[in-house]
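Each remark here refers to the structure printed beneath this line.
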Amino acid sequence: MTEIDEKDRLLLAALRQDSRQSLVALARHSGLSRSAAHDRLRRLESKGVIAGYTIRLGIEDESPTVKSLIAITFQPGKNCDHIVPHLSAMPPIVTCWSLAGATDLMVLVECASNGDLDTIRRQISIIPGVATVQTHVALRTHFNRRD
Numbered sequence: 525m526t527e528i529d530e531k532d533r534l535l536l537a538a539l540r541q542d543s544r545q546s547l548v549a550l551a552r553h554s555g556l557s558r559s560a561a562h563d564r565l566r567r568l569e570s571k572g573v574i575a576g577y578t579i580r581l582g583i584e585d586e587s588p589t590v591k592s593l594i595a596i597t598f599q600p601g602k603n604c605d606h607i608v609p610h611l612s613a614m615p616p617i618v619t620c621w622s623l624a625g626a627t628d629l630m631v632l633v634e635c636a637s638n639g640d641l642d643t644i645r646r647q648i649s650i651i652p653g654v655a656t657v658q659t660h661v662a663l664r665t666h667f668n669r670r671d
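Those letters in the sequence shown? Residues 525 to 671, by my numbering.
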């Protein structure tokens, strides 16, 4: 596991605020020299702590999507090895989490319409080993700390 110290945390916090900051600004924010900040960023990238850089769109309705969480439970004797390969082949499923508790998997689905969501939901429900599928449609995003 990669060790992350306070200087790394300061760099990561600055990148979360604005990933387009100059290296000089990042170094200043973290109290490092430009070359030290550069070395730390390269190390964090190579260790997978920084997986990439992205943008946030200011207009949420630019490409309207229906976002939904779908809770999945397995039939007795089935596990992730049986179900996840089917889910990973479905492009509208953007994230899949294993859970502890009554729900076995939770997937985040993003699609263009409620009809498309219904199609994905039906496809999930017929995967061998799936016992139940429960859909929760997101109405509004109040905040998102990942963006």
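C-beta: ideal position from N, C-alpha, C; glycine also.
Item, Value
"Assuming the contact rule is C-beta atoms closer than 8 Å, residue 633 and residue 570 should be a hit. Round their C-beta distance to whole Å, please.", "That belief does not hold up - the Cβ atoms of residue 633 and residue 570 are roughly 32 Å apart, past 8 Å."
"Does the beta-carbon distance from residue 629 to residue 650 come in below 7 Å?", "no"
"Can at least three beta-carbon pairs, one atom from the stretch 596-607 and one from the stretch 545-553, be found at a separation below 8 Å?", "no"
"If we ignore side chains and look at the alpha-carbon of each, how far apart do residue 659 and residue 623 end up?", "16 Å"
"Please determine if the stretch 639-657 and the stretch 561-578 are in contact, where contact requires at least 3 C-beta pairs separated by less than 8 Å.", "no"
"Assuming the contact rule is C-beta atoms closer than 8 Å, residue 590 and residue 637 should be a hit. Round their C-beta distance to whole Å, please.", "6 Å"
"Output needed for residue 568: all residues of its chain with C-beta closer than 7 Å, excluding positions within five of it in sequence on either side, in chain order.", "532 and 574"
"Return helix, strand or coil for residue 578, following the three-state DSSP convention.", "coil"
"Report the residue ranges of all beta strand (DSSP E) runs contained in full by the stretch 590-655; include only those spanning at least 3 residues, in chain order.", "590-598, 617-622 and 629-635"
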